[in-house]
Structure formats: structure tokens, C-alpha cells
Amino acid sequence: MKDLYSLWLVSRKWRVLLDGIPSFWVVLTSTVPQIVNHTSITRSGDAPLIIHSGNPVWATPGLWLDLSVERFIKSVGPTRDRWKVLWIERPYSKTVWEYLASPAPMMETLHLASNHDPPTGLELLGKETHNIRHLDLVYTKTHWDRSMFRGLKHLGLCGCGGEGLTMDVIVDMLANSPDLEDLRINGLKIPKSDTSLDIIVLPRLLSIDFQPLGGELIYQFLCHIEMPHCQRIKIHATCGPEMDQLLEQSIVLFGSLFRDLHKESGGSLVFAQSGLLQWETRCINPSHEEHTRSSFGVTTTSTCFASILRWIERVFNSADPGGLEVTIYISGATHLQDPEITSVLRRVPSVTTLGASDSIRNSREVVGFLSNLDHNRIPVFPSLKMLRVCCNDVTPEEILEMVQNRLTAHPNRGGAREPPELEIVAETIP
Numbered sequence: 001m002k003d004l005y006s007l008w009l010v011s012r013k014w015r016v017l018l019d020g021i022p023s024f025w026v027v028l029t030s031t032v033p034q035i036v037n038h039t040s041i042t043r044s045g046d047a048p049l050i051i052h053s054g055n056p057v058w059a060t061p062g063l064w065l066d067l068s069v070e071r072f073i074k075s076v077g078p079t080r081d082r083w084k085v086l087w088i089e090r091p092y093s094k095t096v097w098e099y100l101a102s103p104a105p106m107m108e109t110l111h112l113a114s115n116h117d118p119p120t121g122l123e124l125l126g127k128e129t130h131n132i133r134h135l136d137l138v139y140t141k142t143h144w145d146r147s148m149f150r151g152l153k154h155l156g157l158c159g160c161g162g163e164g165l166t167m168d169v170i171v172d173m174l175a176n177s178p179d180l181e182d183l184r185i186n187g188l189k190i191p192k193s194d195t196s197l198d199i200i201v202l203p204r205l206l207s208i209d210f211q212p213l214g215g216e217l218i219y220q221f222l223c224h225i226e227m228p229h230c231q232r233i234k235i236h237a238t239c240g241p242e243m244d245q246l247l248e249q250s251i252v253l254f255g256s257l258f259r260d261l262h263k264e265s266g267g268s269l270v271f272a273q274s275g276l277l278q279w280e281t282r283c284i285n286p287s288h289e290e291h292t293r294s295s296f297g298v299t300t301t302s303t304c305f306a307s308i309l310r311w312i313e314r315v316f317n318s319a320d321p322g323g324l325e326v327t328i329y330i331s332g333a334t335h336l337q338d339p340e341i342t343s344v345l346r347r348v349p350s351v352t353t354l355g356a357s358d359s360i361r362n363s364r365e366v367v368g369f370l371s372n373l374d375h376n377r378i379p380v381f382p383s384l385k386m387l388r389v390c391c392n393d394v395t396p397e398e399i400l401e402m403v404q405n406r407l408t409a410h411p412n413r414g415g416a417r418e419p420p421e422l423e424i425v426a427e428t429i430p
């Protein structure tokens with residue numbers, strides 16, 4: 001809007017030209033004085049309008065422009081039959097719902113932030129929602145029906161609820177939206193479906209975002225959606241009894257897709273500690289826009305550290321080992337005394353960072369245990385580049401002794417190898 005008025009002030013000829021093009025004046029926003037919106041309404045003619053209620057801004061030095069959602073929507077309410085986009089970023093009261101309850105024939109994009117005390121049994125847009133192509137609801141409660149939305153290109157549901165919202169309803173929306181490009185489902189608390197769900201093919205789906213979401217729901221989504229051209233994946237599964245199943249099966253379901261994304265993005269990073277696993281692509285060019293590159297991020301919680309490491313092994317076996325970097329935090333010597341854990345670690349030579357700095361006791365146990373070559377089943381970490389320990393109760397001499405003993409041993413046969421180029425980070429715990 002600021003740029004538009006800058007052009008409008010260039011000359012009288014420019015003003016006449018811009019005033020005669022309605023599509024230049026279709027944005028009505030709460031971040032400008034109301035007189036600006038009234039002018040835009042006049043100059044836009046009958047063109048479809050974009051209604052945007054954003055966060056407060058400094059209009060000019062010393063002037064805080066804070067037009068409430070209710071006042072803004074009321075001021076532009078007379079143009080409702082021309083609304084093509086309604087984008088509300090701020091919480092709003094139930095008085096705004098009278099503008100959302102009846103049909104809006106031109107509405108194609110609907111983005112709603114959390115609402116306060118919505119009326120019971122409200123029908124969004126009077127159930128005439130089939131023109132919606134971009135739906136983004138944040139903590140919004142309404143009445144849901146099967147086939148309520150179809151032909152969507154973007155679907156975002158964050159913490160939503162209301163009567164009728166079930167897994168079956170969401171699956172029905174996906175099945176009726178074959179051109180869906182972006183799917184984001186966060187924080188829903190709905191039971192998984194007990195019915196048999198058909199496989200849904202979404203050939204145009206480029207991005208999915210499930211975070212945070214119960215592992216059981218994520219697993220059901222992943223098992224019933226085929227997305228052969230997906231380029232961006234973010235998954236954050238919350239802890240539950242089904243988590244081991246998710247860890248074990250998801251790499252099988254999406255192994256080829258993750259492998260392609262891993263390769264296209266130049267490699268990937270894995271971070272694991274007791275109860276937490278993260279796997280994400282490495283950003284080759286940090287200045288590059290995130291949404292334009294292939295990427296994935298998987299975050300899960302599990303009470304079984306061995307399950308996490310088995311998942312890492314599957315990652316290692318399915319991805320290019322040369323582009324994989326693994327960071328593992330060891331919580332005490334008990335992990336290194338578990339034959340299953342050490343067996344997996346021996347088979348995954350891509351561990352580049354080893355940490356034991358979450359507590360004084362853990363660091364001392366781990367350093368001492370690694371220093372003792374009698375524990376031959378413990379891997380020698382041939383790719384290690386960084387060691388992070390707590391120095392409160394571990395001396396530099398002990399750390400160097402561990403490096404000399406453990407990290408110069410040959411990973412596959414007896415004898416010694418050259419000491420690695422290793423960065424040692426000694427952290428202090430208050």
C-alpha cells in the first residue's frame with residue numbers, strides 16, 4: 001500500500017492512470033488509517049477484495065495504529081459480497097462471527113486466528129464453502145460435516161475443534177482435494193479412525209507439516225497418503241505407546257522419498273538423545289528461501305533409546321552415508337553397557353558429534369567408560385569431529401586419555417590409526 005501511494009504521488013498523469021485501474025486498490029487492511037481503506041473501496045469498483053486484519057504497527061513515528069479486529073471488520077462489512085480473501089491474524093470476539101456465518105459467494109481464501117467463545121453450532125459461511133481453495137484455521141471451533149470442503153489447494157488446521165471434527169472428516173477433505181499442494185495439521189486432539197481408510201493419492205502435494213501431533217494420528221496419515229512429488233516434510237510426533245511403531249515403519253513408508261530429499265538438499269543431520277530424535281536436511285545456502293528448497297524434518301519422542309538408534313541405522317542404510325552427519329548424546333554409561341545400543345552404534349560410522357554434557361555424572365561415566373579398551377564392543381567413532389563433555393568433574397588429561405585410547409583404535413581391525421582432527425568442547429554446568 002505504501003509503494004502504491006508513492007507511485008500515486010509521482011505526477012498527475014500517474015494518479016489518473018492508477019485511479020482508473022481497480023485491481024490496484026483491492027487490499028483493505030487494518031494497518032492503515034480508515035480513510036485509506038474508504039478511498040480503496042471507492043477506487044476498486046466492483047473488483048474482488050482482499051481483507052487483511054494484521055497486527056498493530058507504527059503508522060508514523062509516535063503514532064501507534066491499533067484498529068481492533070471488530071472495528072476493522074465492521075468498517076469494511078458493507079463490501080462483504082466482494083470479499084475474495086479474508087485473513088485475520090489476531091484473536092477476535094464472537095461479534096465477528098456474524099460476518100462469518102452467512103454465505104460469501106466470492107470467498108476463496110479463509111485464514112482465521114483463534115476466536116473467543118464462538119457461538120454453539122455455528123455453520124461457517126452458512127455451509128456454502130465449496131469455493132474455498134485456501135483454508136487456514138487456528139484454534140477455531142465450528143460445525144464440521146463430510147464434504148464440507150473440496151477442491152482445496154491449501155489446508156491448515158491448528159488446534160481446531162468443534163462438533164463433527166474427526167479423522168474421517170479430514171480424510172474426506174483430502175480425498176476430495178486432488179490438487180492439494182500444502183497440508184498443515186498441528187495440535188489436533190481427535191481419535192484415530194476405526195474404519196478402513198482408502199489410500200489417497202495427492203500428486204500435487206509439495207509440503208506437509210504435522211507438528212506437534214500424536215504419533216498415532218501421524219502414522220495413520222502417513223499410511224493412507226501417497227505424495228510422490230512432496231518436497232518439504234516436517235513431522236513432530238508426540239510421545240505415546242505407538243511411537244516405536246511409527247519409528248520402525250515410517251522410514252519404510254517414506255524411505256525413497258527421504259532418500260531423494262536427502263540427496264537433493266546436499267545431505268542431512270541426525271540428532272539423538274534419550275527420548276528425542278531429530279532428522280532434518282542441511283541447508284546448503286542459509287540465505288536461500290526455505291520454501292523454495294527440498295527439505296524435511298522429523299522430530300519424535302520415544303522412551304526407548306534403542307528404538308531411536310535402530311531408526312538412525314535405517315536412515316544410514318537408505319541414505320547416502322557420505323552426506324549424513326549424526327549427533328548423539330549419551331546419558332550415562334548404562335547406554336554404553338547395552339549390547340543392542342553399542343551394536344547399532346558400531347554399524348553406523350557416521351557419528352560426527354558425541355555429547356555427554358547434560359550432567360556432571362554422565363560426563364564422568366561416559367569419559368571413563370570410553371577410556372577403557374576392555375569394552376571392545378563400544379565403537380571407536382571413526383568419523384567423529386566434535387566431542388562435547390562437562391568439565392566440572394573431568395580433567396583435560398582424562399579427556400585426552402580417552403581420545404588417545406578410544407579414537408585412535410582402528411574401527412575394523414586391531415592396531416592404531418592416526419588421531420582424528422577433533423574439536424573438544426568442554427562445557428561447565430553451574
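For the sequence shown, our numbering begins at 1 and goes up steadily by one. The C-beta atom is built at its ideal place from N, Cα and C for all residues, glycine as well. None of the values given here were measured: they were computed from a predicted structure.
Query raised in the report: Does the distance from the CB of H143 to the CB of E123 come in under 7 Å?
Result: Numbered from 1 along the sequence shown, position 143 holds the residue referred to as residue 143. Numbered from 1 along the sequence shown, position 123 holds the residue referred to as residue 123. Taking 7 Å as the Cβ cut-off, H143 and E123 qualify as a contacting pair.
**Report entry** Through-space distance from I185 to G156, alpha-carbon basis
**Finding:** Against the sequence shown, residue 156 aligns to sequence position 156. Against the sequence shown, residue 185 aligns to sequence position 185. The straight-line gap from Cα to Cα measures roughly 6 Å.
Requested in this report: Evaluate the contact criterion for the stretch 172–183 versus the stretch 260–267: three or more CB pairs, one atom per stretch, below 8 Å.
Outcome: The stretch 172–183, when compared against the stretch 260–267, does not touch it at the 8 Å Cβ threshold.
**Report entry** Contact belief for T129 with M148 at Cβ below 8 Å, rounded distance in angstroms
**Finding:** Position 129 of the sequence shown, counted from the first residue, corresponds to residue 129. Position 148 of the sequence shown, counted from the first residue, corresponds to residue 148. The Cβ separation is near 6 Å, so the contact holds.
Requested in this report: Output yes or no for whether 7 Å exceeds the beta carbon distance between Q278 and Y329.
Outcome: For the purposes of this step, residue 278 is taken as the residue at position 278 of the sequence shown. For the purposes of this step, residue 329 is taken as the residue at position 329 of the sequence shown. Contact: no.
Query raised in the report: For P212, which three-state DSSP category applies?
Result: Numbered from 1 along the sequence shown, position 212 holds the residue referred to as residue 212. Here P212 sits in strand by DSSP.
**Report entry** Among I73, I21, G20, L18, nearest to L28 - alpha-carbon criterion
**Finding:** Along the sequence shown, one-based indexing puts residue 28 at 28. Nearest of I73, I21, G20, L18 to L28, Cα basis: I73.
Query raised in the report: Do you know how far the Cα of P382 is from the Cα of L137?
Result: Within the sequence shown, numbered from 1, the residue matching residue 137 stands at position 137. Within the sequence shown, numbered from 1, the residue matching residue 382 stands at position 382. Looking at the backbone, the Cα of L137 and that of P382 are separated by about 49 Å.
Query raised in the report: Beta-carbon separation of K192 and L217 under 7 Å?
Result: The residue given as residue 192 occupies position 192 in the sequence shown. The residue given as residue 217 occupies position 217 in the sequence shown. For K192 and L217, yes; Cβs fall inside 7 Å.
Query raised in the report: Along the chain, where does the beta strand (DSSP E) that runs through S196 open and close?
Result: Reading the sequence shown from its first residue, position 196 is the one you call residue 196. For S196, there is no enclosing beta strand (DSSP E), since its DSSP letter is neither H nor E.
Query raised in the report: If I132 and E108 are in contact, beta carbons under 8 Å, what's the gap, nearest whole angstrom?
Result: Here residue 132 refers to the residue found at position 132 when the sequence shown is read from its first residue. Here residue 108 refers to the residue found at position 108 when the sequence shown is read from its first residue. Indeed they touch by this definition, with Cβ atoms about 6 Å apart.
**Report entry** Own chain, CB closer than 8 Å to H229, minus 5 neighbours either side, in chain order
**Finding:** Translated into positions along the sequence shown, residue 229 becomes position 229. The answer, listed in chain order, is P203, R204, L205, L206.
Query raised in the report: Per DSSP, which one or two residues make a beta bridge with A237?
Result: Here residue 237 refers to the residue found at position 237 of the sequence shown. L213, T300, per the DSSP bridge assignment.
Query raised in the report: Of all the options V76, A101, I312, which has the alpha carbon lying nearest to the alpha carbon of T342?
Result: Stepping through the sequence shown from its first residue, residue 342 is reached at position 342. If we check each option's Cα against that of T342, I312 comes out closest.
Requested in this report: Check the C-beta distance from V26 over to S53 and give it rounded, since I have them as a contact under 8 Å.
Outcome: On the sequence shown, residue 26 is found 26 positions in, with the first residue counted as 1. On the sequence shown, residue 53 is found 53 positions in, with the first residue counted as 1. At roughly 16 Å, the Cβ-Cβ gap does not stay under 8 Å, so V26 and S53 are not in contact.
Query - Where the beta strand (DSSP E) through F271 begins and ends - result: Taking the sequence shown and counting its residues from 1, the one referred to as residue 271 is at position 271. 268–273 is the extent of the beta strand (DSSP E) around F271.
**Report entry** L354 beta carbon less than 7 Å from that of R406
**Finding:** By 1-based counting over the sequence shown, the position of residue 406 is 406. By 1-based counting over the sequence shown, the position of residue 354 is 354. Result no, Cβ atoms of R406 and L354 do not sit closer than 7 Å.
Query raised in the report: Looking at the unbroken alpha helix (DSSP H) that takes in E70, where does it start and where does it end?
Result: Indexing the sequence shown from 1 puts residue 70 at position 70. 69–76 is the extent of the alpha helix (DSSP H) around E70.
Query raised in the report: Comparing alpha-carbon positions, which option in R71, P33, I88, I35 lies nearest I51?
Result: Your numbering for residue 51 matches position 51 in the sequence shown. Distances from the CA of I51 to each of R71, P33, I88, I35 were compared; the closest alpha carbon is that of I88.
Query raised in the report: In or out: Q231 buried (at least 16 other Cβ within 10 Å) or exposed?
Result: Walking along the sequence shown from the start, residue 231 turns up at place 231. Looking at its Cβ environment, which holds 16 or more other Cβ atoms inside 10 Å, Q231 is buried.
Query raised in the report: Would M106 be called buried (16 or more neighbouring beta carbons within 10 Å of its own) or exposed?
Result: Sequence index remark: in the sequence shown, residue 106 carries index 106 (1-based). Looking at its Cβ environment, which holds fewer than 16 other Cβ atoms inside 10 Å, M106 is exposed.
Query raised in the report: Among the residues of its own chain, which have a CB less than 6 Å from the CB of Q34, if the five just before and after it don't count?
Result: Walking along the sequence shown from the start, residue 34 turns up at place 34. So the list reads S75, once near-sequence residues are dropped.
**Report entry** Same chain only: Cβ atoms within 7 Å of I199, ignoring 5 sequence neighbours per side
**Finding:** In the sequence shown, counting from the first residue as 1, residue 199 sits at position 199. Closer than 7 Å at Cβ, skipping near neighbours: H224, E226.
Requested in this report: Please go through the same chain and pick out, in chain order, the residues whose beta-carbon is closer than 8 Å to the beta-carbon of V351, but skip the five residues on each side of it.
Outcome: Residue numbering aside, residue 351 sits at position 351 when the sequence shown is read from its first letter. Excluding sequence neighbours, V351 sits near V326, T327, I328, L345, P379, F381, S383, L384.
Report task. Along the beta strand (DSSP E) that carries T327, what are the first and last residues, could you check? Result -> By one-based count along the sequence shown, residue 327 stands at place 327. Residues 324–329.
Report task. Can you say whether I235 is buried or exposed, counting buried as having 16 or more other CB atoms within 10 angstroms of its CB? Result -> In the sequence shown, residue 235 corresponds to position 235, counting from 1. Residue environment for I235: buried (at least 16 other C-beta atoms within 10 angstroms of its C-beta).
Report task. Please go through the same chain and pick out, in chain order, the residues whose beta-carbon is closer than 8 Å to the beta-carbon of V96, but skip the five residues on each side of it. Result -> The residue given as residue 96 occupies position 96 in the sequence shown. Excluding positions up to five away in sequence, the list reads V69, E70, I73, I88, N115.
Query raised in the report: Does the Cβ of P339 have 16 or more other Cβ atoms within 10 Å, making it buried, or fewer, making it exposed?
Result: Taking the sequence shown and counting its residues from 1, the one referred to as residue 339 is at position 339. Flag for P339 reads exposed.
Report task. Return the Cβ separation of V171 and L197 in integer angstroms, given the expectation that the two are a contact with Cβ distance under 8 Å. Result -> If you number the sequence shown from 1, residue 171 lands on position 171. If you number the sequence shown from 1, residue 197 lands on position 197. Between L197 and V171 the Cβ distance is about 6 Å, and since that is below 8 Å, they are a contact.
Query raised in the report: Looking only at C-alpha atoms, which of N372, G275, P78 sits nearest to L336?
Result: Counted from its first residue, the sequence shown places residue 336 at position 336. Between L336 and the set N372, G275, P78, the nearest pair of CA atoms involves N372.
Query raised in the report: DSSP three-state call for D136: helix, strand or coil?
Result: Walking along the sequence shown from the start, residue 136 turns up at place 136. Per DSSP, reduced to three states, the secondary structure at D136 is strand.
**Report entry** Three-state class that DSSP yields for M148 in the structure shown
**Finding:** Counting from one through the sequence shown, the residue named residue 148 turns up at place 148. Coil at M148, not helix or strand.
Query raised in the report: Residues in its own chain within less than 6 Å of I284 by CB, not counting five upstream and five downstream?
Result: Taking the sequence shown and counting its residues from 1, one reaches residue 284 at position 284. Model confidence at I284 stands at a pLDDT of 45, short of 50, so the residue's coordinates are unreliable and nothing is read from them.
Query raised in the report: So, L152 versus L125, is the Cβ gap smaller than 7 Å?
Result: For the purposes of this step, residue 152 is taken as residue 152 along the sequence shown, with counting starting at 1. For the purposes of this step, residue 125 is taken as residue 125 along the sequence shown, with counting starting at 1. With contacts defined by Cβ atoms closer than 7 Å, L152 and L125 do not form a contacting pair.
Query raised in the report: When you compare each of G368, E365, T428, M402 to N392 by their alpha carbons, which one comes out closest?
Result: Position 392 of the sequence shown holds residue 392. The option with the nearest alpha carbon to N392 is T428.
Query raised in the report: Is the CB-CB distance between T140 and L110 below 7 Å?
Result: The residue you call residue 140 lines up with position 140 of the sequence shown. The residue you call residue 110 lines up with position 110 of the sequence shown. Taking the C-beta atoms as reference points, L110 is found no nearer than 7 Å to T140.
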